[in-house]
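Chains as they are written, first to last, in the working numbering: chain A, 14 to 703; chain B, 2 to 316; chain C, 14 to 300.
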């Protein structure tokens, strides 16, 4: 389909000059301002933006579903020749779910917990006039269509009996019930693991082709855009900053923000020797939007005019518009940035590991027994061995529920050790007596995932840092000096001492979290998903900071993340975890270059890449990770393994014997009876039995 | 469901045992010898011994306790010393009055509580909503005895419509009985109903913020159905917990209401027994009230479990 | 690397000092509540100065309706009911101003005991649950049975009946705070149990406890009144609002205005403290 052909087709939905605001107690805050775009039949429009960009408010405005006290101020939303703005509620209800349907971000919260999934799908039909029997019949059909197995039984199940991926399939089934012509998906895969995300993206792609749907896809992930979308709208500070086809925008971005966004995320195949090109600062909140172009404080091209005048969205190339004074002036796309700085040489590694773990097990069900019976043990960490040397970074990858956080919490003594041995700086600390804890505190510190939760909102930054310094025996005036030093070290300054966490942006809080961890001068930092709660444009800043600190202070990291690209960028060695066990471990080059375990291969293949050439056949794993309370016999991955007994019944050994972690031909270790077997990419797209 | 019940059972049994121990120990904690207090200080040793025997004060504490429990389990509550009648007879003669009062109050509490709660969560008109909230706050801050006094002043004395003191068994004369019953029951129920209403409204408003409500709206579900199938069913929990806890308060409140409306129920019996130091009557009443309160709480927990598939199916 | 600085905003709500609660008294509701409480308390505690004759001045004019001479009328012995009501209020306020703080502190400590040992914490919680199992006045009857009617019994009843509420709030804060990441962060830093308690858990427990304290003042006054109405509270001749009502009910058809005065005072006190609780609640929840 050429651009000319696209131009000639009448749009299905045309949003023109849409503005919405929230009426606060003291002031009305404009959330989205003059937003315009169109959705063409059978095309997928991606709306990309960070938190506070107004992307969710935009689509909620379309269906008049803004939460109180939000309201649409002006603009038109033309859908099939009718303006949806100001439509009476009763008329709007006939469109919601019937002509335009919506899929929400968090499938855990989007289903009514006290209604069966079947009832909830049928309800979507009943409220639009279908008879009960017909609705029931169609609900069965829909469940089959979205890939729910064993429909007869699952129809009468409640949402809590479904896994996250299956619930999202149900939400999609509800959306499709009345054969709408437009589907709005608000971050539909953000709450899901990468292998489940691949399943859902595949499903949406198939459904679009099968049913001739148009889709609006809201996301913060350029990788998802590259994978699924045809057209793209980039939002920043409540305004559209760039609009065009995905191909045009990716190959020649016209707005500096789009360009920076595309380049700031690490690639899974990236050069790990250079710094990421981070965007400085943080995204604005709608209440305090910078004057002129909202992006100007963070833009390296900004000129005087950007500070005072809001740029208009102008067509700078055929079907490709941007709102930027600079690129409008020279009609050029944003020049690619110079290659990031090459990092300083790393300190040499000494031979004695700072942390050594042997055959560690953790029972997460300990102490939860009832009056009569002792609880059955659940080993979230089940026989893990690894070691980290000074100055070395071990990346630990795995999906939620694989036990990676439990592992890190066991190391620092928050969860009790159920078996095995932990050695810190040469001392066996498995018993966790007071001297052991002392050794751990002096050697290992922790950087938490959520900087909003890991700082006490009632305590100033000085108090939070002072607490950590107090443990290290630094008090009084000395503590203040050290606090300033620490803040400077993490890219903040003295002004922050007297502030409270709510006055800081997410990135600034995470910097304080890192400063606090450095207060006791540890040798090893455990970083538990340190960037996953942050906006995309902030992630690169924090990763760069962590790398800088490591190189200057000779720190070792245990870097835990679900994002494979981030782990690749920062790690020397990588361990892949699945259901309490390590399935593959080796250097980053080995693991990413030639994955030997089918799970690693599937993870790498499932990760969406923000590049157009990345659209290739993926290995989509079937089903979900089983519960650690009930692990499968033999190899724990066998229920989902694309080279296992589910597809090759003759491979019985996988069900009977648990593979050990052993050296493979390419040098790394993998726990697979058939390590290195090539995997056919393709559709294995049916959810398992939960 | 059964596992849920079995899980709850130990704590119910614990409370039952604990309250029986408390009821047993109380008279023995009071200063002075209960037998002397009852028989009078000039009683002869023989008289005292007889009183002791009647009160179950012979033998070690353990023996006394198990003897008392044994008798209780066999339906023998002992004899009231002050009234010179079996405790069981005394209680059963007053039972109907209090049960009628508490039961009607319970029904009123549920009806008024749910009506007010749903209204205050659905009203869109800010003025009516504010007015309703004020009414609710006043009900909440006014205890049964104040409501009772005001009702007596208003409907009994200023505009004499309903009788304000005395009673009539519902079984004997339903119409007259209800006339006597309606004011005290209403006074008893109103503040508790306000608690139920406030909790229900809060629960509904917090469920309103859930994603699945947005999904239901996005499906095109109309407001009435949204309230019934989505909001209310997910908000019942806190309201039912409140009903369970407040039902116990109804029993306690009944004592004062009976005093104000001159009803001859168990509350009045309890008060006069305290004044007469009639221990055996009090022990039976305290134990009975606590057990009923605990059973109602258990019942409310079971109801919640039955309504929530997450508890019903997983136990 | 530099980071653009955000302007420091006014920091009001996270300052964990007493001054924070003063915010409650900048709203209409808060000012009204505070004024009412100060006036009521001053009138009550200055009663011996304002009415030096005491509460037992008898006259022949018994059971009179309210007049300019006797705002609330007179009782069966011809005593001025307004004077008696104010003296009664004095007894009530003295009782609750002493008993409520005791209950708050004791309940909070019992709730936080789980920090020392989780087992002990859940045991204490079981015990508090048993108190909850004793509905309202039944608890009062039990205490009066042991201690006899009077000041001590009332004090004990009020303190004990407050324990489960305060204990539960403190325990809920303890359990939720122990799961918070910043508490876990403090633990991984090696901060001691007591310091975590003082820095992180206690400040968070104080807010709900203070609000509940204001709510409980109302309940405490009503406990006194209810026990006195059935004759198990303060004993004559000492007046309390409850004992006045107890007497008044006997004459309710002959002198309906008898109960009116004490009732009005009870309602004013209840509304004042409820409003105070609302104002405090709005302040601590504003973030």
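Positions of the beta carbon are idealized from the N, C-alpha and C atoms, including for glycine.
**Prompt:** Any idea if residue 63 of chain B is buried or exposed, counting beta-carbon neighbours within 10 angstroms, 16 or more meaning buried?
**Reply:** The residue is exposed, with fewer than 16 neighbouring Cβ atoms inside 10 Å.
**Request:** Give, in chain order, every residue of the region 243–260 of chain B whose Cβ lies closer than 7 Å to some Cβ of chain C.
**Result:** 249, 250, 252, 253, 254, 256, 257, 260
**Asked** Using Cβ-Cβ distances below 9 Å, what residues of the region 147–162 of chain B are close to chain C?
**Response** Per Cβ criterion, the list reads 147, 150, 151, 153, 154, 157, 158, 159.
**Request:** For residue 140 of chain C, count neighbouring Cβ atoms within 10 angstroms of its own Cβ and tell me buried if that reaches 16, exposed if not.
**Result:** For residue 140 of chain C, the number of other beta carbons within 10 angstroms of its own is below 16, and it is reported as exposed.
**Asked** By how many angstroms is the C-alpha of residue 491 of chain A removed from the C-alpha of residue 338 of chain A?
**Response** If you take the alpha carbons of residue 338 of chain A and residue 491 of chain A, they lie about 49 Å apart.
**Prompt:** Name the chain A residues that come within less than 9 Å of residue 239 of chain B, Cβ to Cβ?
**Reply:** Those within 9 Å of residue 239 of chain B in chain A number zero; the least Cβ separation is about 14 Å.
**Message:** The beta strand (DSSP E) that contains residue 43 of chain A, what's its start and end?
**Reply:** 41–52
**Prompt:** Whose CA, out of B:261, B:284, B:263, B:262, lies closest to the CA of residue 271 of chain B?
**Reply:** Nearest in C-alpha terms to residue 271 of chain B, of all of B:261, B:284, B:263, B:262, is B:284.
**Asked** Closest to residue 183 of chain B by CA distance: which of B:195, B:210, B:148 is it?
**Response** B:148
**heavy atom of the ligand COA below 8 Å from residue 559 of chain A C-beta** = Within the structure as shown, the ligand COA is missing, as the structure has no ligands at all.
**Asked** Sorted by chain position, which residues of the same chain lie with C-beta nearer than 6 Å to residue 263 of chain A's C-beta, five sequence neighbours on each side aside?
**Response** 625
**Request:** Mark residue 191 of chain A as exposed unless 16 or more other C-beta atoms lie within 10 angstroms of its C-beta, in which case mark it buried.
**Result:** buried
**Item:** Of the residues B:100, B:31, B:187, B:247, the one placed nearest residue 146 of chain B, counting alpha carbons only
**Value:** With distances taken between Cα atoms, residue 146 of chain B lies closest to B:187.
**Request:** Sort C:283, C:157, C:272 by Cα distance to residue 141 of chain B and report the nearest one.
**Result:** C:283
**Prompt:** What residues from the region 136–151 of chain A come within 8 Å of chain C, judged by C-beta to C-beta, listed N to C?
**Reply:** none
**Asked** Got a sec? Which residues, its chain only, sit under 8 Å from residue 384 of chain A by beta carbon, not counting five neighbours each side?
**Response** A caution first: residue 384 of chain A carries a pLDDT of 49, below 50, which makes its placement in the model too unreliable to give a value.
**Request:** List the residues of chain A that residue 43 of chain C touches, going by C-beta distances under 8 Å, in chain order.
**Result:** In chain order: nothing, as chain A lies at least about 17 Å away.
**Asked** Do you know offhand how far residue 521 of chain A's Cα is from residue 18 of chain B's?
**Response** 56 Å
**Message:** For chain C, check one thing: does any of its Cβ atoms lie closer than 9 Å to the Cβ of residue 583 of chain A?
**Reply:** No, because no Cβ of chain C sits closer than 9 Å to the Cβ of residue 583 of chain A.
**Message:** Closest to residue 371 of chain A by C-alpha separation, out of A:420, A:563, A:406, A:534, would be which residue?
**Reply:** A:420
**Message:** By the DSSP assignment, the alpha helix (DSSP H) with residue 276 of chain A in it spans what residues?
**Reply:** 269–277
**Own chain, CB closer than 7 Å to residue 538 of chain A, minus 5 neighbours either side, in chain order** = 458, 460, 530, 568, 570
**Request:** State the DSSP-derived secondary structure class of residue 256 of chain C, mapped to helix, strand or coil.
**Result:** helix
**Request:** Using a threshold of 9 Å, state whether the C-beta atoms of residue 679 of chain A and residue 593 of chain A are closer than that.
**Result:** no
**Message:** Once DSSP output is grouped into helix, strand and coil, what is the label at residue 593 of chain A?
**Reply:** coil
**Item:** Reduced DSSP category for residue 333 of chain A - H, G, I as helix; E, B as strand; rest coil
**Value:** DSSP places residue 333 of chain A in strand when its eight states are reduced to three.
**Item:** Per DSSP, cross-strand counterpart(s) of residue 675 of chain A
**Value:** A:683
**Asked** So the alpha helix (DSSP H) residue 540 of chain A belongs to, where does it begin and stop?
**Response** Segment 537–541 is the beta strand (DSSP E) holding residue 540 of chain A; no alpha helix (DSSP H) there.
**Asked** Can you tell me whether DSSP reads residue 631 of chain A as helix, strand or coil?
**Response** In this structure, DSSP gives residue 631 of chain A a state outside helix and strand, which the three-state scheme calls coil.
**Request:** Please decide whether residue 43 of chain B counts as near chain A, where near means a Cβ-Cβ distance under 9 Å.
**Result:** no
**Prompt:** Can you tell me whether residue 205 of chain C is buried or exposed, with buried defined as 16 or more other CB within 10 angstroms of its CB?
**Reply:** exposed
**Asked** Using the C-alpha atoms, what's the distance from residue 275 of chain C back to residue 85 of chain C?
**Response** For the pair residue 85 of chain C and residue 275 of chain C, the Cα-to-Cα distance works out to about 9 Å.
**Prompt:** Using the beta-carbon count (16 or more within 10 Å), is residue 69 of chain B buried or exposed?
**Reply:** Its Cβ being crowded by 16 or more others within 10 Å, residue 69 of chain B is buried.
**Item:** Inside the region 8–86 of chain B only - alpha helix (DSSP H) runs reaching at least 4 residues
**Value:** 35–40, 46–56, 62–74
**Asked** Taking Cβ to Cβ, would you say residue 556 of chain A is nearer than 9 Å to residue 579 of chain A?
**Response** yes
**Prompt:** How would you label residue 304 of chain A, buried or exposed, when you count the other beta carbons within 10 angstroms and need 16 or more for buried?
**Reply:** exposed
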